[in-house]
Amino acid sequence: MAGQKSMSVLLVDDNDMTREVLRVILRHEGYLVVGEATDGDTGLEMALRLQPNIIFLDVVMPTVSGLDTLKKIKEVLPRTIILMVTSNKDRDTFTAALQGGISGYIIKPFNAGTVMDALQLAIAKAGPQV
């Protein structure tokens, strides 16, 4: 597994505050935030161009949902760690995300501990190919 300081992260969320909080948490922990997108289309384009190790992906966004974006990213970047970030506690949404290949699920509102616990678990599950 790559050292966390060399792991690149893409943030895809239409909420500026969510992206800002995630960016601060991740940078403080030594992750490299390489890009940010506010919708699924831009997030997909950036994921393909940047090929980050990790993507934090909102479920509800304009133009293309996070679940649809998840499927498209996983088709071309199957090893990418993707954590869904949402305020939606609906079981159907969680199940769809799990079936789509997520590595973790973070419910808003969150704190640094919640984010890092979910991320570290996802990295551990991904194993050495990350």
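Sequential numbering of the sequence shown, starting at 793, is according to the numbering used here. Each residue gets a CB set at the ideal place from its N, CA and C atoms; glycine is no exception.
Proximity of L875 and S895 at Cβ, strictly below 7 Å: yes
Can you give me the C-alpha to C-alpha distance between V826 and P901, rounded to a whole angstrom? 23 Å
Could you check where the beta strand (DSSP E) with E828 kicks off and where it finishes? 824-829
Straight-line Cα distance separating G832 from D860: 8 Å
I'd like the list of long-range same chain contacts for M838, defined as Cβ closer than 7 Å, with 5 residues on each side in sequence excluded. L802, G827, A829
What is the residue span of the alpha helix (DSSP H) that V868 lies within? 858-868
L913 versus V907: straight-line alpha-carbon distance, rounded: 10 Å
I believe D850 touches D805 by the beta-carbon criterion, under 8 Å. Please report the beta-carbon distance rounded to the nearest angstrom. 4 Å
Under the three-state DSSP convention, the category D805 falls into: coil
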